[in-house]
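Protein chains in written order, with the numbering used here: chain A, 1 to 146; chain B, 1 to 146. Everything on this sheet refers to the single structure shown next.
2 protein chains.
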Amino acid sequence: MVLSKSCEYGLRAALHLASAAPGAYTPIRDVSAALGISYPFLAKIAQAMIQQGLLESTRGPHGGVRLARSPRRITLDDIVRALDGPALFEACVLGLPGCGTRQPCPLHEQWTLARQQVQALFTQTTLDVLATRIQEGGVRLADLGS
Amino acid sequence: MVLSKSCEYGLRAALHLASAAPGAYTPIRDVSAALGISYPFLAKIAQAMIQQGLLESTRGPHGGVRLARSPRRITLDDIVRALDGPALFEACVLGLPGCGTRQPCPLHEQWTLARQQVQALFTQTTLDVLATRIQEGGVRLADLGS
DNA sequence: TTAATTTAGGACACGTCTATCTTAAATCAA
DNA sequence: TTGATTTAAGATAGACGTGTCCTAAATTAA
């Protein structure tokens with residue numbers, strides 16, 4: 001598994017907020033229902049995203065969470081780093097500490113290259129592009145059953 | 001973390017066997033000492049690799065484990081699939097079950113492409129190439145300290 | 001003011017991965 | 001045969017990610 005469950009859920013929640021009701025406060029309970037994610041778990045993930053400056057929230061009736069800035073200015077990389085940390089894009093594939101050009105593992109060069117391809121996908125993809133794709137239909141954020 | 005600890009250890013052990021004493025039975029204890037991996041844990045990983053047909057073993061004095069076939073005929077993909085399963089190369093990046101061309105997630109197409117780059121690296125790299133690289137020096141399989 | 005709604009935060013259970021330990025079985029050498 | 005060496009296999013413990021629950025705090029509406 002490349003991304004943790006928390007990160008998968010956080011990405012899907014952010015995409016839901018960007019595509020379903022951009023700019024409006026949406027209760028976490030509504031998001032969890034729409035995506036089929038347990039409410040308590042998603043609430044905890046939302047808290048982390050708020051503390052990382054990705055989401056903002058208000059309490060009380062008509063409260064909820066929303067993206068802290070325009071979907072155009074939030075990349076997948078922002079969310080992955082906030083929830084899973086930078087390890088995915090920096091760690092040695094063999095787990096060797098200090099692996100780098102000075103003390104490379106046998107795969108260092110090739111792995112760095114492949115990893116950059118993945119990282120480029122995450123840093124260059126913003127939420128608004130995917131939100132548009134969702135609004136146009138044909139793609140999904142939740143398990144549709146069969 | 002892309003690969004599990006077990007898989008990292010299994011890869012390093014296989015590379016050690018391919019580069020240090022190809023064809024000879026090497027005690028797991030020697031491998032664990034050379035790589036700085038706990039012996040009981042590496043022994044369990046070795047068992048799994050034996051059952052998957054990657055290693056073979058003999059007990060008693062001068063016993064140990066060795067690669068079950070030529071390093072030229074073992075790819076990194078063989079080892080990763082044996083220890084971590086096929087999920088890394090098949091699963092949806094957002095964790096959606098059934099994600100495919102029929103029910104794609106918003107990232108399906110791009111992710112499939114990026115993942116194929118990584119998979120190509122693993123399927124095309126054989127142990128003998130990396131073993132040669134290790135024997136020629138300049139790269140390492142263990143933590144050297146500083 | 002009162003009540004309903006919703007996030008905030010901590011405590012707690014569960015499962016999996018990581019890691020260790022112990023005992024049994026097999027092999028070789030003296 | 002005897003003893004030493006080494007893998008085989010299962011039991012066990014700890015760490016961490018996952019998931020749930022409960023109470024408190026804040027906001028809104030009536």
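Beta carbons are placed, not taken as given, at the ideal position from N, Cα and C, and that holds for glycine. Computed from a predicted structure; not experimentally measured.
Spell out the partners DSSP gives residue i in its beta bridges.
i	result
S70(A)	Paired residues: none, contrary to the question.
T26(A)	V65(A)
T75(B)	T126(B)
L55(A)	L67(A)
Give me the Cα-Cα distance between residue i and residue j, rounded to the nearest whole angstrom.
i	j	result
I50(B)	Y9(B)	14 Å
E90(B)	F122(B)	14 Å
L113(B)	L11(A)	19 Å
Q103(B)	D30(B)	50 Å
M158(A)	G63(A)	Residue 158(A) is absent from the model: chain A starts at 1 and stops at 146.
A24(A)	P71(B)	58 Å
L94(B)	S6(B)	24 Å
V129(A)	I28(A)	23 Å
C92(A)	S4(B)	12 Å
L76(A)	T58(B)	49 Å
R133(B)	F41(A)	46 Å
V80(A)	Q119(A)	10 Å
T125(B)	G60(B)	33 Å
P86(B)	G137(A)	30 Å
V139(B)	L127(B)	14 Å
A106(A)	K44(B)	The sequence given here has Pro at residue 106(A), not Ala. Each residue's Cα considered, the two are about 24 Å apart.
Q117(B)	Q117(A)	8 Å
G145(B)	V65(B)	27 Å
D78(A)	E56(A)	15 Å
I74(B)	T26(B)	18 Å
Can you find the residues in the same chain that come closer than 7 Å, C-beta to C-beta, to residue i, ignoring five residues on each side of it along the sequence?
i	result
G53(B)	A68
S38(B)	S32
Q135(A)	S19
R115(B)	F89
H16(B)	V31, A34, L35, L141
Considering only residues of the same chain and omitting the five flanking positions on each side of residue i, which have a CB-CB separation below 6 Å?
i	result
D143(A)	G36
L83(B)	S6, C7, G10
A131(B)	A18, S19, P71
L88(B)	none
A13(A)	V31
W111(A)	V93
P22(A)	none
E109(B)	none
Note to self: Across the segment 40-49 of chain B and the segment 92-100 of chain B, are there enough close Cβ pairs to call them in contact, namely three or more that are closer than 8 Å?
What the structure shows: no
Item checked: Inside the segment 77-110 of chain B only - alpha helix (DSSP H) runs reaching at least 4 residues -> 87-90
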